[in-house]
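2 protein chains.
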Amino acid sequence: MSERMDTRTHLSKVKVACSKCNLRSSCILYDMNDADMLRIEELVSAQRKVFRGDSLFQTGEKFKALYVIRSGFFKTTFTSPDGREQVMGFQMAGEMLGLDGIVNDVYSCDAIALEDAEVCELNFDQIEELSHQLIGLQRRVLKILSLEIFNDHSVMLLLGSMRAEERLATFLLSLVQRLHARGFSPTALVLRMTREEIGSYLGMKLETVSRTFSKLSEDGIVEVKQRHVRILNPEALKQLITFKS
Amino acid sequence: MSERMDTRTHLSKVKVACSKCNLRSSCILYDMNDADMLRIEELVSAQRKVFRGDSLFQTGEKFKALYVIRSGFFKTTFTSPDGREQVMGFQMAGEMLGLDGIVNDVYSCDAIALEDAEVCELNFDQIEELSHQLIGLQRRVLKILSLEIFNDHSVMLLLGSMRAEERLATFLLSLVQRLHARGFSPTALVLRMTREEIGSYLGMKLETVSRTFSKLSEDGIVEVKQRHVRILNPEALKQLITFKS
DNA sequence: CGGGCGATTGACTTTCGTCAACGCGTGTGG
DNA sequence: CCACACGCGTTGACGAAAGTCAATCGCCCG
């Protein structure tokens, strides 16, 4: 945890213009019409900087806002009552954090920045209030929640039915696809997380992650240099996942 | 699939009274005030019967309604593009089906009745319309979605970090707890699903499920006769799950 | 009563986890 | 500027857990 400052994150109250945001096409709020967009800017109660290693929110904290990532990279970790911990996901620009806090008015996971990040804070009371007025926003919020459920189901499928190699292949393809959608290379990426964090997310041990990387590397499918990964043969990687039976 | 009739399910358009429903305390819509409750009854566009083995909806079907289970027992199965299939959950009275269909206007899993069932159909357009008017309903819907996310995260934790015995113990405790909340025994239950379905849900093979049941039985923790399970030592069962480290 | 699906059990194989040693790279302090 | 330390990653040897394949059993339903 950083000791740079008293408060965990920088705050700036500068009003932002969603309508001019360069994330617009990838931001989770993007498909609003211009009239609604002006109203939506009211939602952004603050922008916050979060430094690498610091948390945006923690399990048990009072839930009061959702966050959209403007830049940077997060992991969310979920902890069971008995202390079991697991990485629930990795989030990047345009994605949303905090949705699982709505049920109990308390965040139910930790959101930790894996690199210095900036987020837009959306006060949840205001979201409720405004989506009461704008049916388009209401629908949008529901879709966001539903998407999260859909994505979680995909992860459950991965955890429940795939073997180590398939899991890692799926993980790499998913990451690179999301990065590509944000203008990055479709074949090269820099991992922002450790082998242990990847393993936790994929339900395997860090040694197995490492071994599996080595295996993919030996097979000429990817090139791995520490956290730098290049996908040499995307087709072979997809083939690995394909269900055999 | 049943061939009893042309349409897959019975439909009845008889207006129901949510305010008089005996499920009220466990139904996912329950915490509405009386005034709102009258409005909510408008939502129930139909009640449907679904016979054992039949599906309430299937992957790819146009999404148009959410469902609340009045009686009976369902499984939901999720299928990946390449044909991998997995049981995503088991649902009982008062629980909701179809939430993952909101994102893409298409159901993204199959809901299959494991015993004859009755459901209330809630037209989604009407939900949107009405929750636009009743802020209480809007909030409620958001909480339901968020709860689903929270539950999925618990399953992901199970799949990612537990061993076979822990998974089965967690599964049994969860089932029995939900049944107990509905007035059934806190220690005895009848499984509505096969070993294979349990295995699919828990990310293990049916033989492993069977062996694990036998193990728990040998240890005197549960009594298993086919699908009839009695929990002899709930404390020992909970102890099994407790994280060791 | 017989057929068939589901459940159990055994023997063997595979996959992954565990434990341990070592290597690489970065950042810091002498 | 170099040396060192520490965190992270890799690799190997071994063991444990779960998967696979196969035989058998038993219950339920026609």
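Keeping their order, the protein sequence lines are chains F and Y.
Following my numbering, the numbering of the first sequence begins with 1 at its first residue and continues without gaps.
Following my numbering, the numbering of the second sequence begins with 246 at its first residue and continues without gaps.
Virtual Cβ for every residue (Gly too), placed ideally from N, Cα, C.
Taking only beta-carbon atoms, is F/I241 less than 8 Å away from chain Y?
-> Yes - at least one Cβ of chain Y is within 8 Å of the one on F/I241.
Alpha helix (DSSP H) runs contained entirely in the stretch 133-165 of chain F, provided each spans 4 or more residues | Whole alpha helix (DSSP H) segments, 4+ residues: 135-161.
Is there at least one Cβ from chain Y nearer than 8 Å to F/E115's Cβ?
-> no
Within 8 Å, strictly: CB atoms of Y/S376 and Y/L367 = no
With 16 as the cutoff for other CB atoms within 10 Å, does Y/T487 come out buried or exposed?
-> exposed
Going along the chain, which residues of its own chain have a beta-carbon closer than 7 Å to the beta-carbon of Y/R475, five neighbours each way excluded?
-> T432, A433, V467 and E468
Can you grab the Cα-Cα spacing for the pair Y/K483 / F/K143, in whole Å?
-> 37 Å
Is the CB of Y/I380 under 8 Å away from at least one CB in chain F?
-> yes
Is it the case that the Cβ atoms of Y/R284 and Y/L417 are separated by a distance below 8 Å?
-> no
DSSP state of F/L122, grouped into three classes?
-> strand
Please classify Y/Y275: does DSSP put it in a helix, a strand, or coil?
-> coil
Assess, as a yes-or-no matter, whether the stretch 402-413 of chain Y is touched by the stretch 452-465 of chain Y under the definition of 3 or more beta carbon pairs within less than 8 Å.
-> In short, these stretches touch, since the Cβ pair count reaches three.
F/L56: first and last residue of the uninterrupted beta strand (DSSP E) it sits in = S55 to F57
Among Y/D327, Y/F323, Y/D361 and Y/Q331, which one has its Cα closest to the Cα of Y/G343?
-> Y/F323
Of the residues Y/L424, Y/G444, Y/N267 and Y/C365, which one's Cα is nearest the Cα of Y/V413?
-> Note on residue identity: the sequence assigns Leu, not Val, to residue 413 of chain Y. Among Y/L424, Y/G444, Y/N267 and Y/C365, the Cα nearest to that of Y/L413 belongs to Y/G444.
Residues that DSSP places opposite Y/T322 in a beta bridge | DSSP lists Y/V332 and Y/D355 as partners of Y/T322.
In angstroms, rounded to a whole number, what distance separates the CA positions of F/H180 and F/N151?
-> 18 Å
Local Cβ density within 10 Å of Y/G328, reported as buried at 16 or more and exposed below that = So Y/G328 counts as exposed.
Taking only the alpha-carbon atoms, compute the straight-line gap between F/R178 and Y/L268 and give it to the nearest angstrom.
-> 43 Å
Taking just the CA atoms, how far does F/L114 sit from Y/F296?
-> 50 Å
Residues bridged to Y/E360 [DSSP beta-bridge criterion] | Y/F318
Chain-ordered residues of the stretch 65-92 of chain F with a beta carbon less than 7 Å from chain Y | Residues are counted here when their Cβ sits less than 7 Å from a Cβ of chain Y; for the stretch 65-92 of chain F these are F78, S80, D82, G83, R84, Q86 and M88, given in chain order.
Going along chain Y in order, which residues have a C-beta closer than 8 Å to the C-beta of F/S55?
-> Going along chain Y, no residue has its Cβ under 8 Å from F/S55, so there is no contact; the nearest lies around 17 Å.
Going straight from the alpha carbon of Y/L451 to that of Y/D355, what length do you get?
-> 21 Å
Can you say whether F/E235 is buried or exposed, counting buried as having 16 or more other CB atoms within 10 angstroms of its CB?
-> exposed
Return the bridge partner residues of F/E223 from the DSSP annotation.
-> Partner(s): F/R230.
Three-way DSSP call (helix, strand, coil) for Y/S290 in this model | strand
Report the rounded CA-to-CA distance for Y/G339 versus Y/I314, giving the unit in angstroms.
-> 5 Å
Does DSSP put Y/V348 in a helix, in a strand, or in coil?
-> In the structure shown, Y/V348 falls within a coil segment according to DSSP collapsed to helix, strand and coil.
Just how far apart, CA to CA, sit Y/D276 and Y/S270?
-> 8 Å
Which word fits F/R48, buried or exposed, when buried means at least 16 other C-beta atoms lie within 10 angstroms of its C-beta?
-> Buried.
Contact belief for F/H228 with F/V190 at Cβ below 8 Å, rounded distance in angstroms | 6 Å
Determine the chain F residues that contact Y/Q383 at a beta-carbon separation under 8 Å, and present them in chain order.
-> E128, S131, H132 and Q138
For Y/M438, name the three-state secondary structure that DSSP assigns.
-> coil
Cβ of Y/I347 within 8 Å of Cβ of F/S146?
-> yes
Beta-bridge pairing of Y/K307 - partner residues as DSSP gives them = Y/V351
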